[in-house]
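Colleague: Protein sequence lines correspond, in order, to chains A and B.
First residue of the first sequence? That's 1 in my numbering, and the numbers climb one at a time after it.
First residue of the second sequence? That's 1 in my numbering, and the numbers climb one at a time after it.
Where a beta carbon is used, it is the ideal one built from N, C-alpha and C, also for glycine.
My questions all concern the structure below.
Protein chains: 2
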Amino acid sequence: MSPKAVILLSGGLDSTTTLAIARQEGYVPYALSFRYGQRHEGEIAAARAVAAALGVAEHVVADIDLRVFGGSALTSDLAVPKDRAEEEIGAGIPVTYVPARNAIFLSFGMAWAEVLGAQDLFIGVNAVDYSGYPDCRPEFLEAFENMAHLATRAGIEGHRLRIHAPLMSLSKAQIIARGLDLGVDYRLTRTCYEPAADGSACGHCDACQLRLKGFADLGLADPAPYSVLPPA
Amino acid sequence: MSPKAVILLSGGLDSTTTLAIARQEGYVPYALSFRYGQRHEGEIAAARAVAAALGVAEHVVADIDLRVFGGSALTSDLAVPKDRAEEEIGAGIPVTYVPARNAIFLSFGMAWAEVLGAQDLFIGVNAVDYSGYPDCRPEFLEAFENMAHLATRAGIEGHRLRIHAPLMSLSKAQIIARGLDLGVDYRLTRTCYEPAADGSACGHCDACQLRLKGFADLGLADPAPYSVLPPA
């Protein structure tokens, strides 16, 4: 019997590619998304479309309200930065950082894995995000795995939860190339921090810029809809 | 200026005593409670009463739906065990264990601490719970602290989040004695896993039994209301 795995799925480019990789590695995927007070419900719609297109055993959307704490442009009224230079995107912790978000998401993933009897948990963090977000660093994931081992029934019974971050050392272009190899339809994915009402991407926030550069590095056009012509 | 601290507050005997200890140690307390699909809304009411009685700078109730995963008698339809012998209560992981609950709660506490600029987080776990719940063990809290250090902006900037578990090595009777010294009114606290509609405790679940024994060991009667006469 194929082993079960929980995959954190935002419906963005990275987590969608991660889901495709988990499937290809032979895991039965259980996708977990979060409605966490982000500005755009469209993330959930994208996650549902991706889960349906790639095929998952189950897709759970957990409601968690991170707005109660404030502190991030993604959950409050702070402005999302636009058109920043690449060096600037990589420097320091951006205002779009949501405090402790990956720790919270992984804790929920760990809870579901325990209930499912799964020993594998996939997260789509990668080296590009890692430059700015503290909870995308490999040493964070290792520390989380150690904590999870001690936190759960599985840990007491001797199994160990493994955290997989297959994109960790890949560039955005490499992630996209890998996903295209696996047949991912990137039109379904949504990356933008501040999409228009019709769901089209802004083309100017950090997330859009990193994504567009990834496609450009491969000499490809991003198939996702943009509300304005992205900068060449 | 007194340092801020986040205190996880369920409204039960342990977390209430922990809040009183944090205050006495000179912290400005920020209380954090969770509406997590537990059977009894009364927990939240108790937490509010306790926060008002002891005085906190702010009390946040975060909504998180742990029912989506099932797997515990506290969030699903599994039966809560009653009238178990003391040895039985301490043996193995009980069905009232909620998978990864403390990891999830502490992750939220960590998020709020980061937004507040607090470096201290209090949790009321203790040695009695520790016998059955994997995420009440000291080694779990230590691993969580290491993970938190790497997960947050504070970690990157060199501060370190400290997790305080002042009840860890205390018996239930010692916890109650400490709280009474600090003027805690235990009538306000709620411990029962399955209270009656009027909020009175059942007197027979594991939590009630441990609590009643704590008061009995001190030669005291529990001032909280019980729906039936508790066993002598």
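With 8 Å as the threshold, decide whether the Cβ of Ala143 of chain A is near any Cβ in chain B.
Modeller: Closer than 8 Å to some Cβ of chain B, the Cβ of Ala143 of chain A qualifies, so yes.
Colleague: Which term fits Pro166 of chain A, buried or exposed, when burial requires 16 or more other beta carbons within 10 angstroms of its beta carbon?
Modeller: Burial call: buried.
Colleague: Kindly list, in the order they appear in chain E, the residues whose Cβ is closer than 7 Å to that of Pro29 of chain A.
Modeller: Among the protein chains in the structure shown, which are A and B, there is no chain E.
Colleague: For Phe69 of chain A, return the contacting residues in chain B, with the cut-off set at a CB-CB distance below 7 Å.
Modeller: The contacting residues are Ala111, Trp112 and Val115.
Colleague: With a threshold of 16 other CB atoms inside 10 Å of the CB of Pro223 of chain A, please say whether the residue is buried or exposed.
Modeller: Flag for Pro223 of chain A reads exposed.
Colleague: Report the rounded CA-to-CA distance for Ala46 of chain A versus Ala47 of chain B, giving the unit in angstroms.
Modeller: Using only the alpha carbons, I get a separation of about 38 Å.
Colleague: Is the CB of Pro225 of chain A under 8 Å away from at least one CB in chain B?
Modeller: Output row for Pro225 of chain A: interface = no.
Colleague: Using a Cβ cut-off of 9 Å, which residues of the region 44 to 70 of chain B contact any Cβ in chain A, in chain order?
Modeller: Residues passing the 9 Å Cβ filter: Val60, Val61, Ala62, Asp63, Ile64, Asp65, Leu66, Val68, Phe69 and Gly70.
Colleague: Rounded to whole angstroms, what is the Cα-Cα separation between Tyr27 of chain B and Phe122 of chain B?
Modeller: About 10 Å.
Colleague: Just mark Pro29 of chain A as buried or exposed, buried being the case when its beta carbon has 16 or more other beta carbons within 10 Å.
Modeller: Answer is buried; the Cβ neighbour count reaches 16.
Colleague: Glu25 of chain A bridges to which residues according to DSSP?
Modeller: Partner(s): none; Glu25 of chain A has no beta bridge.
Colleague: Would Leu150 of chain A count as contacting chain B if we go by Cβ distances under 8 Å?
Modeller: Taking Cβ atoms only, chain B reaches closer than 8 Å to Leu150 of chain A, which makes this a yes.
Colleague: Could you tell me whether the Cβ atoms of Glu142 of chain A and Leu161 of chain A are closer together than 8 Å?
Modeller: No, they are not a contact pair.
Colleague: Restricting to runs no shorter than 3 residues, where is the beta strand (DSSP E) found entirely within the region 45 to 71 of chain B?
Modeller: Those beta strand (DSSP E) runs which fall completely within the region 45 to 71 of chain B and span 3+ residues are 58 to 63.
Colleague: Would Ile64 of chain B and Ile163 of chain A qualify as a contact pair, given that the criterion is a beta-carbon distance under 8 Å?
Modeller: Contact: no.
Colleague: By the criterion of Cβ-Cβ separation under 7 Å, what are the contact partners of Ala100 of chain B in chain A?
Modeller: In chain order: Ser107, Met110, Ala111, Glu114, Ala151 and Thr152.
Colleague: Is it true that the CB of Cys192 of chain A sits closer than 8 Å to the CB of Ala216 of chain A?
Modeller: Result no, Cβ atoms of Ala216 of chain A and Cys192 of chain A do not sit closer than 8 Å.
Colleague: When you compare only the Cα positions, how much space is there between Ala57 of chain B and Val6 of chain B?
Modeller: C-alpha separation (whole angstroms): 10 Å.
Colleague: Given this structure, state the Cα-to-Cα distance separating Thr152 of chain A from Pro99 of chain B, to the nearest angstrom.
Modeller: Each residue's Cα considered, the two are about 7 Å apart.
Colleague: Rounded to the nearest angstrom, what separates Ala111 of chain A and Ser33 of chain A at their Cα positions?
Modeller: When rounded, the distance between both Cα atoms is 13 Å.
Colleague: Using the beta-carbon count (16 or more within 10 Å), is Gly55 of chain A buried or exposed?
Modeller: Exposed is the call here.
Colleague: Taking Cβ-Cβ distances shorter than 8 Å, what residues in chain A pair up with Phe140 of chain B?
Modeller: Within 8 Å Cβ-Cβ: Met147, Leu150 and Ala151.
Colleague: Looking at the unbroken alpha helix (DSSP H) that takes in Val115 of chain B, where does it start and where does it end?
Modeller: It spans Arg101 to Leu116 - the alpha helix (DSSP H) in which Val115 of chain B sits, taken as one unbroken run.
Colleague: Within 8 Å (strictly less), CB to CB, does Asp135 of chain A reach chain B?
Modeller: Yes, contact with chain B.
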